[in-house]
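One structure is given below, encoded as structure tokens.
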Amino acid sequence: MQPMTRFIALVLIVAPLALLRPLEAGAVTIEKVESPGGITAWLVEDHSVPVVSTSIAFRGGAALDPDDKAGLAEFTADLLDEGAGELDSTAYQSKLEDLAASLDFNVDQDNISARLRTLSANLAPTYDLLHLALTEPRFDAAPVARLRAELLDAIKRDLHQPEALAYRLWMKSSFAGSPYARSTRGTAQSIAAITPDDMRGLVHARFAKDALVIGVVGDITPAALKPLLDKTFGGLPEHAAPDPLGNIAVDRSNAVIVSDLPVPQSVVVFGQQGIKRDDPDWYAALIVLNILSSGGLTSRVALEVREQRGLAYSVSASLDPLQHAGLILGHVASRNARVAQAIDLIREEWRRMHDSGPTAKELVAAKTYLTGSFPLNLDSTSRIASILVSMQLDHLGIDYLTRRSALIDKVSLADAKRVARRLLDPDGLFFVVVGSPANLSDARRVAPGG
Amino acid sequence: MNALCRAALGLLLLALAGAGPARAELFEAHEFKLANGLTAVVIPNHRAPIVTQMVWYKVGAADEPLGKSGIAHFLEHLMFRGTKSVPPGAFSRIVAENGGRDNAFTTHDYTAFFQQVAADRLELVMKLESDRMANLQITDKVVTPEREVILEERRQRIDNNPAALFDEQLDTALFLHHPYRIPTIGWESEMHGLTTADARAFYRRWYAPNNAILVVAGDVTTQQVKALAEKYYGDIPARAVPARHRVAEPPKVAAARLSMKSPRVSEVSWTQEFLAPSYRAGDKQYAYALEVLAEVLGGSADSPLYKGLVVDHPLALSAGAFYDPNVYDLATFGFSARLKNGVAVADFETAFDAIIKHALEGGISNEAVERAKKRMVSAAAFARDSLSGPARIVGAALATGRSLDDVENWPERIGAVTLDQVLAAAHLVIHDDIAVTGVLMPGPTS
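Protein chains in written order, with this note's numbering: chain C, 42 to 491; chain W, 113 to 558.
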């Protein structure tokens, strides 16, 4: 019995910091902990619950996979908790379960990350398991075969899902010739080509100290954490293989393309070139996008498309910074007969914001929201741990949370208008429609695979 | 991206399913009642200067008049569309302008509204929430576009998704008569016909303080909440609210088998479902044992279903058991699997039946039961590691006829389950001759 909710913020992209709100100074104290062996972690002590959450990330994700082995990072990450050291898959997983621990590996284009949550009493043996996964994964034939079948299934499933299809087509069309054009899952062909030796090579090349960031939150002291850091990460190689990727541009297109799929509702992914996280206009852009198309129901786009006309249940767009490229990505889904109208309205709002920027009143409201709602993210140890890792990946500085309100507040109306004009590109907004849309007969038709 | 959406829903369902309720005394929850019948629960948590306010109405899709499917959920949407003093659209705008977030959800059994805000904005959201408990204005002007929104929601969640469409049909086979057979979002044909008058009638009938539960979690004290609740909710008069009389489910005497082909499905999805007691209905003394049973059969790496069907003799990509007793009437106990490419359904079922037969005839060890219980009780600690999680667990329990004590005692009750009880519960529920089996497979539609 799945609950029906009033809206889902269909966030296409994992961009935690784009969603972060500044923190009142002092609400959370972040401490930099350095172990005797030189491993650094950011720690937030919180002894209110006997739980410790740990997030780690290695810089370098699926975008670094070789072309003919696309999906290698994801396939490897899937296998890290499927047997390591002396423990085969079942033994490893049973040990995690008996420690009431959860360990998840995740791969995106830019990073390979892990989230570990356990009772504080079980922290040391749980870290031992993480250590084994990072240093001695087994890649036994049976789990490799099982996970290969799962990954191939997921790839096939994506070809039937309008959301996944639209997103893939958007990325493929906008990043032609670059690694960002590929799915992090690779293709049936590339997955078939990957061997356990490839996986061992990835572990060796990428899981290194200079690529690693760590966030720890919960019921642990710095003194207790330090030896665990050395034991868990001290044995990793010093240096990761270099990241050869430079800046990656987004191909500009004002097209609407359609991939036919017999579904009653057309699913649309749209977007354009954005800015990267270190762009000096980041905060002004965050404000402009919040006003134009935030995930809630109060944005200009949501008012026009959903509240006034009932053309969609969810519609939103936001900044999606990748390591090597900036994006603005959005999503809308409307019944086939009306989707063309939704697209027109989005373009119209895009142009209106580009031409005139926000109003003074909208600016104030967006700032209050973006600054005032930050503490809502401090809901659990695991969420705070993810924040600590994102802050490090984005080089934001350990005092970032105390500075963020000021960074947002100092954006002037003139700044916001200038950035709306600089950033928003109504004639370069690219729409991918998957469905059986009416009134889009001029649009180019593409096969699902592109 | 779909995975994100699913993950979020999964977490929500986990919380709602009572998968990890911790001890209420550890939540330090306090319950009180206003003179008008409003039940209130406060769950102090001082980790951060934030609060969650939730208001739960003890009414859901299973309480709808026949022919008006979707009206409970439609009304949930319309609750954001204006009162005498807060114009349409202003509710969420005011919350956002105060640095808050808000949303709402509807199930067969309850309708809940919530805001997350800085602790010093609690009074504001209590004022807003209490206002719409009594003063909602439902007009054609807001009903017409909002009806299009819920139809788009149905297309997005159900009609565009073969698995969701198939689940909808399976529910009608499992529940022969009880309204759990009707989808919460509504049947499309009936959704088109939902009117302003329908929404007003449903609101007047069910939305009253004596049919509501206020849950406030976060950086507050019970005294603060009590004073604010009196101030904002206390003046709303109690009204006669009908008893929740749902039609009874007749005994099931036949097995059912549903199959569906879709060109948008790549592998076979297989499910088997049984009617089961819930915490509140049926042979409810078995509810805790059934939770342990689901965990024993499919909840771990060495469980018979996962190890047998996915690891040792891989016929499936995934396999497990599910059970959610946190419902007002009868619950569903079930199994699901995603078959490997090329595996015949009959071969899978032979293997599956053998595993269940073996498990029920002595194959479950005492040790497996103890390990499952330990995992479940340990996980309860994680429920406390969140602000909104405990509020959802407590609200869902109270809205489905359970007490704060029930939530408080969940770890003890799980801890007390024995192997014999697990087997008795299994034999009570799992019977081939009344199973509802669903097979969703690739293929052209007719």
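Backbone N, C-alpha and C define an ideal beta-carbon position, used for all residues, glycine too. The model shown is predicted, which means the values in this text are computed figures rather than measured ones.
Going along the chain, which residues of its own chain have a beta-carbon closer than 8 Å to the beta-carbon of C:Leu302, five neighbours each way excluded?
Excluding positions up to five away in sequence, the list reads Pro203, Leu206, Val475, Gly476, Ser477 and Pro489.
For C:His280, which residues of its own chain have a beta-carbon under 7 Å away from its beta-carbon, when the five flanking residues on both sides are left out?
Here the set comprises Ala249 and Asp251.
If you measure between the beta carbons of W:Ser448 and W:Phe434, is that distance less than 8 Å?
Yes.
Short of 9 Å Cβ to Cβ, which residues in the region 401 to 417 of chain W face chain C?
Hits within the stretch, in order: Gly411, Ser412, Ala413 and Asp414.
Do C:Phe471 and C:Ala217 have their beta-carbon atoms positioned less than 8 Å apart in this structure?
Not closer than 8 Å, so no.
To the nearest angstrom, report how far apart C:Thr95 and C:Asp199 are at their CA atoms.
Distance between the alpha carbons of C:Thr95 and C:Asp199: 30 Å.
Pick helix, strand or coil for W:Phe447, following the three-state DSSP scheme.
Here W:Phe447 sits in strand by DSSP.
Any Cβ of chain W within less than 8 Å of the Cβ of C:Thr412?
Output row for C:Thr412: interface = yes.
What's the C-alpha gap between W:Val281 and W:Phe445?
It is Gln, not Val, that sits at residue 281 of chain W in the sequence shown. Answer to the nearest angstrom: the Cα atoms are 17 Å apart.
Quick one: any contact between the region 261 to 268 of chain C and the region 104 to 114 of chain C, if contact means 3 or more CB pairs under 8 Å?
No, the region 261 to 268 of chain C is not in contact with the region 104 to 114 of chain C.
Identify the contact partners of W:Glu587 in chain C, using a Cβ-Cβ distance below 7 Å as the criterion.
Since the displayed chain W opens at 113 and closes at 558, residue 587 of chain W lies outside it and no answer follows.
Under the three-state reduction of DSSP, which class applies to C:Gly438: helix, strand or coil?
Note: C:Gly438 maps to coil in three-state DSSP.
Please work out which residues of its chain come closer than 6 Å, Cβ to Cβ, to W:Leu510, disregarding the five sequence neighbours upstream and downstream, and give them in chain order.
For W:Leu510, where only same-chain residues beyond five positions count, the Cβ hits under 6 Å are Ile325.
Take W:Gly481 and list the residues in its own chain whose beta-carbon comes closer than 8 Å to its own, dropping the five residues that flank it on each side.
At residue 481 of chain W the sequence reads Val, which differs from the Gly that was named. Closer than 8 Å at the Cβ level, and outside the excluded window around W:Val481, lie Val404, Val408, Val529, Thr530, Leu531 and Val534.
Just the Cα atoms here: how many angstroms apart are C:Asn377 and W:Arg267?
Taking the straight line from one Cα to the other gives about 10 Å.
Evaluate the contact criterion for the region 74 to 87 of chain C versus the region 262 to 277 of chain C: three or more CB pairs, one atom per stretch, below 8 Å.
Yes, the region 74 to 87 of chain C touches the region 262 to 277 of chain C.
Less than 8 Å between the CB atoms is what I'm expecting for W:Val171 and W:Ala184, so what's the real figure, rounded?
Indeed they touch by this definition, with Cβ atoms about 6 Å apart.
Taking Cβ-Cβ distances shorter than 7 Å, what residues in chain W pair up with C:Gln134?
The answer, in chain order, is Ala413.
How long is the line joining the alpha carbons of C:Ala366 and W:Asp424, rounded to whole angstroms?
Rounded to the nearest angstrom, the two C-alpha atoms are 44 Å apart.
Mind checking the region 237 to 270 of chain W against chain C and listing, in chain order, the residues whose C-beta falls within less than 8 Å of any C-beta there?
Of all residues in the region 237 to 270 of chain W, Thr256, Pro257, Glu258, Arg259, Glu260, Val261, Ile262, Leu263, Glu264, Glu265, Arg267, Gln268 and Arg269 have a Cβ within less than 8 Å of some Cβ in chain C.
Using CA atoms only, rank isn't needed, just tell me which of C:Ala358, C:Thr228 and C:Val346 is closest to C:Leu386.
Selected option, being the one with the closest Cα: C:Val346.
May I ask you to verify whether the region 288 to 308 of chain W touches the region 236 to 256 of chain W, counting CB pairs closer than 8 Å and requiring at least 3?
Segments in contact, yes.
How many angstroms separate the CA atom of C:Ala358 from the CA atom of W:Asp395?
Their Cα atoms are separated by approximately 49 Å.
Roughly how many whole angstroms lie between the Cα atoms of W:Pro133 and W:Ala141?
Because W:Pro133 sits at a pLDDT of 39, beneath the cut-off of 50, its placement in the model cannot be relied upon, and the following sentence gives the value as read from the coordinates. Answer to the nearest angstrom: the Cα atoms are 13 Å apart.
If you draw a straight line from the C-alpha of C:Ser89 to the C-alpha of W:Asn157, how long is it?
The alpha-carbon atoms of C:Ser89 and W:Asn157 are separated by roughly 9 Å.
Taking the alpha carbon of W:Leu442 as the reference point, which residue from W:Gly298, W:Phe287, W:Glu143 and W:Arg159 has its own alpha carbon closest?
Considering only alpha carbons, the answer is W:Phe287.
Given that W:Pro426 touches chain C, what residues does it touch there, using C-beta distances under 7 Å?
Under the 7 Å cutoff, chain C gives Arg187.
Ignoring anything shorter than 4 residues or poking outside the region 64 to 117 of chain C, list the alpha helix (DSSP H) runs there in chain order.
If we require 4 residues or more, the region 64 to 117 of chain C turns out to have no alpha helix (DSSP H) run fully inside it.
Let me make sure I understand the geometry here. Which of C:Ser453, C:Arg424 and C:Gly337 has the alpha-carbon closest to that of W:Asp214?
Measuring from the Cα of W:Asp214, the nearest candidate turns out to be C:Gly337.
How should C:Thr167 be labelled, buried or exposed, when 16 other C-beta atoms within 10 angstroms of its C-beta is the threshold for buried?
Buried, because 16 or more other Cβ atoms sit within 10 Å of the Cβ of C:Thr167.
Would a C-beta distance cut-off of 8 Å place W:Leu222 and W:Ala508 closer than the cut-off?
In the sequence on display, residue 222 of chain W carries Tyr and not Leu. Yes; because the gap between Cβ atoms is below 8 Å, this pair is in contact.
Could you tell me the alpha carbon to alpha carbon distance between W:Ile546 and C:Asp181, rounded to whole angstroms?
Each residue's Cα considered, the two are about 41 Å apart.
With distances taken from CA atoms, which of W:Arg376, W:Val337 and W:Lys343 is nearest W:Val165?
Note that residue 165 of chain W is Gln in the sequence shown here, rather than Val. Checking every option, the nearest Cα to that of W:Gln165 belongs to W:Val337.
Is the distance from the Cβ of C:Arg226 to the Cβ of C:Ile196 below 8 Å?
Yes; because the gap between Cβ atoms is below 8 Å, this pair is in contact.
Could you please tell me which residues of the region 285 to 319 of chain C, in chain order, have their CB closer than 8 Å to any CB of chain W?
Under the 8 Å Cβ criterion, the region 285 to 319 of chain C contributes Leu302, Pro303, Val304, Pro305, Gln306 and Val308.
Check whether the Cβ of C:Pro416 lies closer than 8 Å to any Cβ atom in chain B.
In summary, chain B is missing from the structure at hand, where the protein chains are C and W.
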